[in-house]
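Each residue of the sequence shown is one higher than the one before, counting from 1 in this note's numbering.
C-beta atoms are modelled at their ideal positions from N, C-alpha and C, and glycine is treated no differently.
Below is one structure, written out as C-alpha coordinates; comments come after it.
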Amino acid sequence: MANFSVSSFMIFFCLLMFSATFYFSFRKVSIFNDNIGAPDVNGGEQDDCPHCKVISVDEFGAKADGTADNVAFEKAWQEACSSDEGVALVVPEQKSYRLKPITFTGPCKSNISVKIYGTIEASDDPSDYNHSLKHWLVFDKVDDLLVEGGGTIKGNGKIWWDNSCKRNKDKALTFNENKNLVVNDLKIQDSQKKHLCFDSCVNVQAFNLVVTAPENSPNTDGIHITGTKNILVADSTVGTGDDCVSIVSGSENVQIRNIVCGPGHGISIGSLGKRNSTEYVSKVIVDGATISETTNGLRIKTWQGGSGYAEGIVFQNVQMNNVKNPIIIDQNYCDQDSPCEEQDSAVQVKNVAYRNIYGTSKKKVAILFDCSKSHPCEGITMENLMLDGEGNAAATATCNNVQATTLGDVSPGCQQIATGLVLGNLYGDNKN
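Next up, the structure:
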(Lines of atoms letter the chains of each structure in order from A; the text may use other names.)
(Lines give C-alpha, C1' and ligand atoms only; values in the text may rest on other atoms or scores of the structure.)
Protein backbone atom coordinates (compact mmCIF):
# COMPACT_ATOMS: atom_id res chain seq x y z
CA MET A 1 0.00 0.00 0.00
CA ALA A 2 1.32 3.40 -0.92
CA ASN A 3 1.96 6.00 1.76
CA PHE A 4 -0.85 8.46 2.45
CA SER A 5 -0.91 11.75 4.25
CA VAL A 6 -1.44 11.86 8.00
CA SER A 7 -3.77 14.83 7.62
CA SER A 8 -6.03 12.92 5.21
CA PHE A 9 -6.22 9.97 7.57
CA MET A 10 -7.02 12.19 10.54
CA ILE A 11 -9.87 13.88 8.65
CA PHE A 12 -11.39 10.52 7.80
CA PHE A 13 -10.88 9.11 11.31
CA CYS A 14 -12.48 12.15 12.96
CA LEU A 15 -15.51 11.97 10.67
CA LEU A 16 -15.89 8.26 11.41
CA MET A 17 -15.75 8.77 15.17
CA PHE A 18 -18.12 11.73 14.95
CA SER A 19 -20.61 9.62 13.01
CA ALA A 20 -20.60 6.81 15.59
CA THR A 21 -20.73 9.11 18.61
CA PHE A 22 -23.52 11.23 17.15
CA TYR A 23 -25.62 8.19 16.23
CA PHE A 24 -25.46 6.56 19.64
CA SER A 25 -26.05 9.83 21.47
CA PHE A 26 -29.44 10.13 19.78
CA ARG A 27 -30.41 6.60 20.75
CA LYS A 28 -30.16 7.62 24.41
CA VAL A 29 -32.44 10.63 24.15
CA SER A 30 -35.42 10.55 26.52
CA ILE A 31 -37.21 13.86 26.60
CA PHE A 32 -40.53 13.16 28.28
CA ASN A 33 -41.37 12.40 31.86
CA ASP A 34 -43.76 9.65 32.92
CA ASN A 35 -46.87 11.76 32.29
CA ILE A 36 -46.49 11.74 28.52
CA GLY A 37 -46.05 8.79 26.19
CA ALA A 38 -43.49 9.24 23.43
CA PRO A 39 -42.19 7.08 20.59
CA ASP A 40 -38.82 5.53 21.21
CA VAL A 41 -36.02 6.04 18.70
CA ASN A 42 -36.85 2.79 16.92
CA GLY A 43 -40.37 3.96 16.07
CA GLY A 44 -42.09 1.94 18.79
CA GLU A 45 -44.50 3.60 21.17
CA GLN A 46 -44.17 3.88 24.92
CA ASP A 47 -47.02 4.00 27.41
CA ASP A 48 -49.69 6.18 25.82
CA CYS A 49 -50.14 8.79 28.52
CA PRO A 50 -52.23 6.70 30.96
CA HIS A 51 -52.48 9.47 33.58
CA CYS A 52 -53.27 12.34 31.24
CA LYS A 53 -56.35 14.50 31.40
CA VAL A 54 -58.14 14.08 28.04
CA ILE A 55 -59.55 17.14 26.26
CA SER A 56 -61.34 17.01 22.89
CA VAL A 57 -61.72 20.04 20.66
CA ASP A 58 -65.35 18.99 20.20
CA GLU A 59 -66.02 19.77 23.87
CA PHE A 60 -65.27 23.42 23.09
CA GLY A 61 -67.58 23.73 20.11
CA ALA A 62 -65.57 22.45 17.13
CA LYS A 63 -68.07 21.53 14.39
CA ALA A 64 -65.99 20.08 11.54
CA ASP A 65 -68.64 21.40 9.14
CA GLY A 66 -66.44 23.37 6.73
CA THR A 67 -66.49 26.60 8.73
CA ALA A 68 -63.46 27.77 10.68
CA ASP A 69 -63.05 26.10 14.07
CA ASN A 70 -60.38 28.48 15.38
CA VAL A 71 -62.35 29.61 18.43
CA ALA A 72 -62.90 26.04 19.64
CA PHE A 73 -59.26 25.07 19.09
CA GLU A 74 -58.06 28.19 20.91
CA LYS A 75 -60.30 27.48 23.92
CA ALA A 76 -59.21 23.84 24.02
CA TRP A 77 -55.56 24.90 23.89
CA GLN A 78 -56.01 27.41 26.71
CA GLU A 79 -57.55 24.68 28.86
CA ALA A 80 -54.74 22.25 28.05
CA CYS A 81 -51.92 24.75 28.48
CA SER A 82 -53.16 25.93 31.86
CA SER A 83 -53.61 22.45 33.30
CA ASP A 84 -51.43 21.40 36.24
CA GLU A 85 -51.41 17.79 35.04
CA GLY A 86 -50.40 16.18 31.76
CA VAL A 87 -52.98 16.64 29.01
CA ALA A 88 -53.94 14.74 25.87
CA LEU A 89 -55.58 17.22 23.49
CA VAL A 90 -57.58 15.22 20.95
CA VAL A 91 -58.58 16.03 17.37
CA PRO A 92 -61.13 13.24 16.76
CA GLU A 93 -60.88 10.79 13.88
CA GLN A 94 -63.13 10.67 10.82
CA LYS A 95 -63.69 14.42 10.94
CA SER A 96 -62.13 17.33 9.04
CA TYR A 97 -61.62 20.60 10.91
CA ARG A 98 -60.98 23.78 8.95
CA LEU A 99 -58.65 26.37 10.49
CA LYS A 100 -57.48 29.85 9.63
CA PRO A 101 -53.94 30.73 10.76
CA ILE A 102 -53.57 29.88 14.44
CA THR A 103 -50.77 29.90 17.02
CA PHE A 104 -50.66 27.59 20.02
CA THR A 105 -48.54 29.56 22.48
CA GLY A 106 -46.57 28.44 25.52
CA PRO A 107 -45.08 28.10 27.97
CA CYS A 108 -47.57 25.66 29.44
CA LYS A 109 -47.85 24.40 33.01
CA SER A 110 -47.41 20.73 32.16
CA ASN A 111 -46.62 18.39 29.28
CA ILE A 112 -49.09 18.24 26.40
CA SER A 113 -49.76 15.42 23.97
CA VAL A 114 -51.67 16.58 20.87
CA LYS A 115 -53.44 13.60 19.31
CA ILE A 116 -54.38 14.34 15.71
CA TYR A 117 -56.54 11.40 14.68
CA GLY A 118 -58.68 13.25 12.16
CA THR A 119 -57.87 15.92 9.56
CA ILE A 120 -56.93 19.56 10.02
CA GLU A 121 -57.51 21.51 6.82
CA ALA A 122 -56.34 25.00 5.89
CA SER A 123 -58.77 27.70 4.87
CA ASP A 124 -58.59 28.23 1.12
CA ASP A 125 -59.52 31.93 1.36
CA PRO A 126 -56.32 34.02 0.87
CA SER A 127 -57.85 36.92 2.80
CA ASP A 128 -57.72 34.77 5.95
CA TYR A 129 -53.92 34.97 5.81
CA ASN A 130 -53.43 38.73 5.65
CA HIS A 131 -52.05 38.89 9.20
CA SER A 132 -50.53 35.42 9.52
CA LEU A 133 -46.86 36.45 9.08
CA LYS A 134 -46.41 33.55 6.64
CA HIS A 135 -47.54 30.82 9.02
CA TRP A 136 -50.64 28.66 9.26
CA LEU A 137 -50.28 26.26 12.23
CA VAL A 138 -47.68 27.28 14.83
CA PHE A 139 -46.60 25.79 18.15
CA ASP A 140 -44.62 28.59 19.77
CA LYS A 141 -42.41 28.17 22.86
CA VAL A 142 -44.17 24.98 23.97
CA ASP A 143 -41.73 22.66 25.74
CA ASP A 144 -42.17 18.92 26.38
CA LEU A 145 -44.65 18.56 23.54
CA LEU A 146 -45.75 15.43 21.69
CA VAL A 147 -47.73 15.71 18.44
CA GLU A 148 -48.90 12.44 16.89
CA GLY A 149 -51.93 10.37 15.99
CA GLY A 150 -51.84 9.18 12.37
CA GLY A 151 -54.06 12.01 11.17
CA THR A 152 -53.65 14.41 8.26
CA ILE A 153 -52.72 18.07 7.96
CA LYS A 154 -53.87 19.47 4.59
CA GLY A 155 -52.52 22.81 3.40
CA ASN A 156 -54.86 23.33 0.41
CA GLY A 157 -51.93 24.95 -1.35
CA LYS A 158 -53.11 24.83 -4.95
CA ILE A 159 -54.56 28.35 -4.93
CA TRP A 160 -51.12 29.68 -3.91
CA TRP A 161 -49.21 27.51 -6.39
CA ASP A 162 -51.37 28.82 -9.23
CA ASN A 163 -50.33 32.36 -8.27
CA SER A 164 -46.80 31.48 -7.25
CA CYS A 165 -44.84 34.04 -5.30
CA LYS A 166 -42.15 33.19 -2.75
CA ARG A 167 -43.27 35.96 -0.44
CA ASN A 168 -46.97 35.86 0.60
CA LYS A 169 -47.34 32.12 1.11
CA ASP A 170 -47.74 30.33 4.41
CA LYS A 171 -45.79 27.44 5.92
CA ALA A 172 -48.10 24.62 6.97
CA LEU A 173 -46.82 23.44 10.36
CA THR A 174 -44.15 25.35 12.29
CA PHE A 175 -42.53 24.55 15.62
CA ASN A 176 -40.83 27.67 16.94
CA GLU A 177 -38.50 27.72 19.95
CA ASN A 178 -39.70 24.40 21.33
CA LYS A 179 -37.55 22.26 23.63
CA ASN A 180 -38.01 18.52 23.99
CA LEU A 181 -40.33 17.89 21.07
CA VAL A 182 -41.59 14.69 19.45
CA VAL A 183 -43.56 14.67 16.19
CA ASN A 184 -44.67 11.19 15.20
CA ASP A 185 -47.00 9.47 12.73
CA LEU A 186 -48.55 12.31 10.74
CA LYS A 187 -49.42 12.93 7.11
CA ILE A 188 -48.76 16.48 5.92
CA GLN A 189 -49.80 17.35 2.39
CA ASP A 190 -50.18 20.14 -0.14
CA SER A 191 -48.75 22.99 1.90
CA GLN A 192 -48.89 26.52 0.56
CA LYS A 193 -45.09 26.67 0.92
CA LYS A 194 -42.87 24.67 3.30
CA HIS A 195 -44.65 21.73 4.93
CA LEU A 196 -42.96 21.12 8.29
CA CYS A 197 -40.57 23.65 9.85
CA PHE A 198 -38.41 23.36 12.95
CA ASP A 199 -37.23 26.87 13.81
CA SER A 200 -34.87 27.50 16.75
CA CYS A 201 -35.81 24.27 18.52
CA VAL A 202 -33.70 22.09 20.84
CA ASN A 203 -33.97 18.32 21.29
CA VAL A 204 -36.35 17.17 18.56
CA GLN A 205 -37.38 13.73 17.35
CA ALA A 206 -39.54 13.39 14.22
CA PHE A 207 -40.60 9.93 13.04
CA ASN A 208 -42.95 8.13 10.72
CA LEU A 209 -43.97 11.15 8.69
CA VAL A 210 -45.43 11.18 5.18
CA VAL A 211 -45.04 14.57 3.50
CA THR A 212 -46.41 14.99 -0.03
CA ALA A 213 -47.19 17.59 -2.68
CA PRO A 214 -47.17 17.52 -6.49
CA GLU A 215 -43.79 17.60 -8.18
CA ASN A 216 -44.63 20.93 -9.84
CA SER A 217 -45.74 22.69 -6.63
CA PRO A 218 -43.28 25.57 -6.11
CA ASN A 219 -41.20 26.06 -2.95
CA THR A 220 -42.93 23.26 -1.07
CA ASP A 221 -39.97 21.96 0.96
CA GLY A 222 -40.88 18.85 2.91
CA ILE A 223 -38.97 19.21 6.20
CA HIS A 224 -37.14 22.48 6.87
CA ILE A 225 -34.64 22.79 9.74
CA THR A 226 -33.31 26.21 10.76
CA GLY A 227 -31.48 27.33 13.88
CA THR A 228 -32.23 23.99 15.49
CA LYS A 229 -29.90 21.85 17.63
CA ASN A 230 -30.07 18.14 18.43
CA ILE A 231 -32.68 16.92 15.97
CA LEU A 232 -33.34 13.45 14.61
CA VAL A 233 -35.64 12.92 11.60
CA ALA A 234 -36.18 9.26 10.77
CA ASP A 235 -38.28 6.63 9.01
CA SER A 236 -40.19 9.09 6.84
CA THR A 237 -41.28 9.51 3.23
CA VAL A 238 -41.07 12.93 1.58
CA GLY A 239 -42.03 13.85 -1.98
CA THR A 240 -42.73 17.48 -2.88
CA GLY A 241 -41.87 20.24 -5.36
CA ASP A 242 -38.71 21.37 -3.55
CA ASP A 243 -36.14 19.98 -1.09
CA CYS A 244 -37.22 16.81 0.68
CA VAL A 245 -35.15 17.99 3.64
CA SER A 246 -33.46 21.40 3.89
CA ILE A 247 -30.99 22.30 6.64
CA VAL A 248 -30.05 25.96 6.97
CA SER A 249 -28.20 28.39 9.18
CA GLY A 250 -27.76 27.86 12.89
CA SER A 251 -28.50 24.13 12.77
CA GLU A 252 -26.18 21.79 14.66
CA ASN A 253 -26.25 18.10 15.58
CA VAL A 254 -28.70 17.05 12.88
CA GLN A 255 -29.35 13.42 12.01
CA ILE A 256 -31.47 12.34 9.04
CA ARG A 257 -32.02 8.57 9.02
CA ASN A 258 -33.95 6.19 6.75
CA ILE A 259 -35.62 8.68 4.43
CA VAL A 260 -37.41 7.97 1.16
CA CYS A 261 -37.11 11.12 -0.98
CA GLY A 262 -38.73 11.93 -4.30
CA PRO A 263 -39.98 13.70 -6.22
CA GLY A 264 -38.31 16.96 -5.27
CA HIS A 265 -34.90 18.55 -5.00
CA GLY A 266 -33.20 16.03 -2.73
CA ILE A 267 -31.57 16.56 0.66
CA SER A 268 -29.95 19.99 0.90
CA ILE A 269 -27.72 21.91 3.25
CA GLY A 270 -28.31 25.56 2.48
CA SER A 271 -28.58 27.80 0.84
CA LEU A 272 -26.09 29.70 3.01
CA GLY A 273 -24.53 33.14 2.71
CA LYS A 274 -27.21 35.01 0.77
CA ARG A 275 -26.84 38.81 0.72
CA ASN A 276 -23.32 38.56 2.20
CA SER A 277 -24.65 37.01 5.41
CA THR A 278 -22.64 34.97 7.91
CA GLU A 279 -24.20 31.54 8.42
CA TYR A 280 -23.22 28.24 10.03
CA VAL A 281 -24.23 24.58 9.81
CA SER A 282 -22.28 21.81 11.55
CA LYS A 283 -22.42 18.17 12.64
CA VAL A 284 -24.90 16.74 10.16
CA ILE A 285 -25.36 13.05 9.38
CA VAL A 286 -27.56 11.67 6.62
CA ASP A 287 -27.53 7.90 7.20
CA GLY A 288 -29.81 5.77 5.07
CA ALA A 289 -31.81 7.29 2.22
CA THR A 290 -33.41 6.26 -1.05
CA ILE A 291 -33.55 9.22 -3.43
CA SER A 292 -35.47 8.77 -6.67
CA GLU A 293 -36.21 10.94 -9.72
CA THR A 294 -35.12 14.18 -8.05
CA THR A 295 -33.29 17.18 -9.46
CA ASN A 296 -30.56 16.79 -6.83
CA GLY A 297 -29.47 14.06 -4.47
CA LEU A 298 -27.13 15.24 -1.72
CA ARG A 299 -26.51 18.96 -2.10
CA ILE A 300 -24.60 21.71 -0.30
CA LYS A 301 -25.37 25.15 -1.72
CA THR A 302 -23.88 28.53 -0.83
CA TRP A 303 -23.96 32.02 -2.32
CA GLN A 304 -20.90 34.01 -3.27
CA GLY A 305 -20.09 36.82 -0.86
CA GLY A 306 -21.19 35.09 2.31
CA SER A 307 -19.10 33.88 5.23
CA GLY A 308 -19.26 31.22 7.93
CA TYR A 309 -19.03 27.47 7.41
CA ALA A 310 -20.71 24.17 6.62
CA GLU A 311 -18.59 21.50 8.28
CA GLY A 312 -18.59 18.11 9.95
CA ILE A 313 -21.03 16.53 7.47
CA VAL A 314 -21.49 12.83 6.70
CA PHE A 315 -23.62 11.40 3.86
CA GLN A 316 -23.70 7.61 3.97
CA ASN A 317 -25.67 4.54 2.89
CA VAL A 318 -27.66 6.22 0.13
CA GLN A 319 -29.30 4.72 -2.96
CA MET A 320 -29.75 7.05 -5.95
CA ASN A 321 -32.33 6.20 -8.61
CA ASN A 322 -32.18 8.29 -11.79
CA VAL A 323 -31.19 11.50 -9.98
CA LYS A 324 -30.06 14.49 -12.08
CA ASN A 325 -27.28 15.67 -9.73
CA PRO A 326 -26.60 12.85 -7.25
CA ILE A 327 -23.72 14.57 -5.41
CA ILE A 328 -23.23 18.31 -5.66
CA ILE A 329 -21.48 21.12 -3.82
CA ASP A 330 -22.50 24.39 -5.45
CA GLN A 331 -20.70 27.43 -4.07
CA ASN A 332 -21.93 29.61 -6.91
CA TYR A 333 -25.61 29.19 -6.12
CA CYS A 334 -27.70 31.97 -7.65
CA ASP A 335 -31.47 31.67 -7.29
CA GLN A 336 -32.48 34.99 -8.83
CA ASP A 337 -33.48 36.38 -12.21
CA SER A 338 -30.38 38.53 -12.76
CA PRO A 339 -26.81 37.13 -12.79
CA CYS A 340 -25.03 37.09 -9.44
CA GLU A 341 -21.95 39.27 -9.05
CA GLU A 342 -18.68 37.36 -8.65
CA GLN A 343 -17.31 37.96 -5.15
CA ASP A 344 -14.21 36.93 -3.22
CA SER A 345 -15.65 35.80 0.12
CA ALA A 346 -17.54 32.54 0.62
CA VAL A 347 -18.97 30.18 3.20
CA GLN A 348 -16.25 27.62 3.97
CA VAL A 349 -17.21 24.02 3.17
CA LYS A 350 -14.96 21.52 4.95
CA ASN A 351 -14.78 18.05 6.43
CA VAL A 352 -17.51 16.39 4.38
CA ALA A 353 -17.64 12.59 3.93
CA TYR A 354 -19.54 10.67 1.24
CA ARG A 355 -19.67 6.95 2.03
CA ASN A 356 -21.45 3.93 0.50
CA ILE A 357 -23.45 5.76 -2.14
CA TYR A 358 -24.71 3.81 -5.15
CA GLY A 359 -27.13 4.14 -8.05
CA THR A 360 -27.79 5.99 -11.28
CA SER A 361 -27.44 9.54 -12.48
CA LYS A 362 -29.82 11.07 -15.00
CA LYS A 363 -27.00 13.35 -16.19
CA LYS A 364 -23.54 12.38 -17.34
CA VAL A 365 -21.93 14.42 -14.54
CA ALA A 366 -22.84 12.46 -11.42
CA ILE A 367 -20.48 14.26 -9.03
CA LEU A 368 -20.07 18.03 -9.17
CA PHE A 369 -17.85 19.90 -6.74
CA ASP A 370 -18.07 23.53 -7.86
CA CYS A 371 -16.24 25.10 -4.96
CA SER A 372 -15.12 28.65 -4.31
CA LYS A 373 -11.88 29.92 -5.81
CA SER A 374 -11.18 32.04 -2.74
CA HIS A 375 -12.26 29.41 -0.17
CA PRO A 376 -11.80 25.95 -1.73
CA CYS A 377 -13.61 22.97 -0.26
CA GLU A 378 -11.36 21.20 2.24
CA GLY A 379 -11.32 17.74 3.76
CA ILE A 380 -13.72 16.11 1.30
CA THR A 381 -13.66 12.30 1.66
CA MET A 382 -15.22 9.83 -0.78
CA GLU A 383 -15.46 6.15 0.15
CA ASN A 384 -17.18 3.41 -1.86
CA LEU A 385 -19.13 5.45 -4.39
CA MET A 386 -20.51 3.80 -7.52
CA LEU A 387 -22.71 5.97 -9.74
CA ASP A 388 -23.60 5.06 -13.32
CA GLY A 389 -25.25 7.06 -16.04
CA GLU A 390 -28.55 6.12 -17.65
CA GLY A 391 -28.47 2.71 -19.29
CA ASN A 392 -25.29 1.82 -17.39
CA ALA A 393 -23.38 4.46 -19.34
CA ALA A 394 -20.21 5.78 -17.74
CA ALA A 395 -20.75 8.82 -15.55
CA THR A 396 -18.18 11.56 -14.90
CA ALA A 397 -17.13 13.88 -12.10
CA THR A 398 -16.29 17.59 -12.28
CA CYS A 399 -14.22 18.81 -9.35
CA ASN A 400 -13.19 22.46 -9.15
CA ASN A 401 -11.29 24.00 -6.25
CA VAL A 402 -11.56 20.99 -3.97
CA GLN A 403 -9.17 19.16 -1.67
CA ALA A 404 -10.36 15.58 -1.62
CA THR A 405 -9.30 12.04 -0.77
CA THR A 406 -10.75 8.68 -1.77
CA LEU A 407 -11.10 5.34 -0.01
CA GLY A 408 -12.10 2.05 -1.61
CA ASP A 409 -13.81 2.03 -4.99
CA VAL A 410 -14.96 5.42 -6.20
CA SER A 411 -16.54 5.85 -9.62
CA PRO A 412 -16.68 8.33 -11.14
CA GLY A 413 -13.56 9.80 -9.59
CA CYS A 414 -12.17 13.31 -9.71
CA GLN A 415 -9.04 12.56 -11.74
CA GLN A 416 -10.14 14.98 -14.44
CA ILE A 417 -9.94 18.06 -12.20
CA ALA A 418 -10.17 21.08 -14.45
CA THR A 419 -9.16 23.72 -11.94
CA GLY A 420 -8.27 23.81 -8.28
CA LEU A 421 -6.31 21.63 -5.91
CA VAL A 422 -4.72 18.24 -6.43
CA LEU A 423 -6.87 15.26 -5.52
CA GLY A 424 -5.24 12.88 -3.06
CA ASN A 425 -5.99 9.15 -2.81
CA LEU A 426 -5.44 7.40 0.50
CA TYR A 427 -4.35 4.31 -1.42
CA GLY A 428 -2.16 6.15 -3.91
CA ASP A 429 -2.55 6.02 -7.67
CA ASN A 430 -2.06 2.24 -7.74
CA LYS A 431 -3.99 0.26 -5.15
CA ASN A 432 -1.88 -2.83 -5.76
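ask   = Within this structure, are the beta carbons of Ala122 and Lys154 separated by less than 8 Å?
value = yes
Simplified DSSP state of Gly239, which is helix, strand or coil = strand
query = So the alpha helix (DSSP H) Cys81 belongs to, where does it begin and stop?
reply = 70–81
query = Can we say the segment 226–237 touches the segment 265–275, given the rule of at least three CB pairs closer than 8 Å?
reply = no
Per DSSP, cross-strand counterpart(s) of Lys53 = Val87, per the DSSP bridge assignment.
Classification of Ser338 by the beta-carbon crowding that lies within 10 angstroms, buried from 16 upward = Answer is exposed; the Cβ neighbour count stays below 16.
message = Closest to Trp77 by C-alpha separation, out of Gln94, Val57, Asp84, would be which residue?
response = Val57
message = Between the segment 273–291 and the segment 365–376, can you find at least three pairs of beta-carbon atoms closer than 8 Å?
response = no
query = Do the CB positions of Ser282 and Gly306 come within less than 8 Å of each other?
reply = No. Outside cutoff.
ask   = With a CB to CB cut of under 8 Å and the five nearest residues on each side skipped, what residues in its chain are close to Asp330?
value = The beta carbon of Asp330 lies closer than 8 Å to those of Arg299, Ile300, Lys301, Thr302, Leu368, Asp370 in the same chain, with the five residues before and after it left out.
request  = Output yes or no for whether 8 Å exceeds the beta carbon distance between Tyr309 and Lys350.
outcome  = Taking a C-beta distance under 8 Å as the contact criterion, Tyr309 and Lys350 qualify as a contact pair.
request  = State yes or no: is the C-beta of Lys141 within less than 8 Å of the C-beta of Pro107?
outcome  = yes
Per-residue DSSP class, three states only, for Gly389 = Three-state DSSP puts Gly389 in coil, outside helix and strand.
query = According to DSSP, what are the bridge partners of Gly359?
reply = DSSP lists Met320, Leu387 as partners of Gly359.
Beta strand (DSSP E) segment containing Lys187, residue limits = Element bounds for Lys187: 179–189.
key: Where Lys158 falls: helix, strand or coil (DSSP)   = helix
message = Output needed for Ser25: all residues of its chain with C-beta closer than 7 Å, excluding positions within five of it in sequence on either side, in chain order.
response = Its pLDDT being 43, under 50, Ser25 is placed unreliably by the model, and nothing is read from it.
message = Taking a contact to mean a Cβ-Cβ separation below 8 Å, would you say Ser110 touches Val147 in this structure?
response = no
query = Using the C-alpha atoms, what's the distance from Tyr358 back to Ile380?
reply = 18 Å
ask   = What number of angstroms, rounded off, separates the C-alpha of Asn400 from the C-alpha of Tyr280?
value = 22 Å
ask   = Hey, would you say Gln189 sits closer than 8 Å to Thr212, going by beta carbons?
value = yes
inquiry  = Can you tell me where the beta strand (DSSP E) holding Phe369 begins and where it ends?
reply    = 365–370
ask   = If you compare alpha carbons, which of Ala62, Ala172, Glu85 is closest to Thr103?
value = Ala172
query = Relative to the C-alpha of Leu385, which residue among Gly391, Lys364, Lys362, Ala353 is closest?
reply = Ala353
ask   = Quick one: is Asn178 near chain B, going by C-beta distance under 8 Å?
value = Going by chain labels, chain B is absent from the structure shown, which holds only one protein chain.
inquiry  = Assuming Ser249 and Thr228 are in contact, meaning their beta carbons sit under 8 Å apart, how far apart are those beta carbons, in whole angstroms?
reply    = Not quite, the Cβ-Cβ distance comes to about 10 Å (not below 8 Å), so this is no contact.
message = Excluding the 5 residues flanking Glu177 on each side, which residues of the same chain have their C-beta closer than 6 Å to its C-beta?
response = Lys141, Ser200
query = Who does Arg299 pair with in a DSSP beta bridge?
reply = Ser268, Ile328
ask   = Tell me which same chain residues have a C-beta within less than 6 Å of the C-beta of Leu186, skipping the five on either side of it?
value = Leu209
request  = Pull up the DSSP beta-bridge partners for Ala353, would you.
outcome  = Val314, Thr381
task = Under 8 Å by Cβ, that's how I've got Lys95 and Asp143 pegged, so tell me the actual separation to the nearest angstrom.
result = About 29 Å separates the two Cβ atoms, so there is no contact after all.
request  = Please list, in chain order, all residues of the same chain as Gly413 whose beta carbon is under 7 Å from its beta carbon, the five residues on each side excluded.
outcome  = Ala397, Thr406
ask   = Which same chain residues, not among the five before or five after Glu342, have their C-beta less than 8 Å away from its C-beta?
value = Gln304
key: Environment of Thr67 [buried if 16+ CB atoms lie within 10 Å]   = exposed
inquiry  = Going by C-alpha to C-alpha distance, which of Ala394, Arg257, Ile223 sits closest to Lys363?
reply    = Ala394
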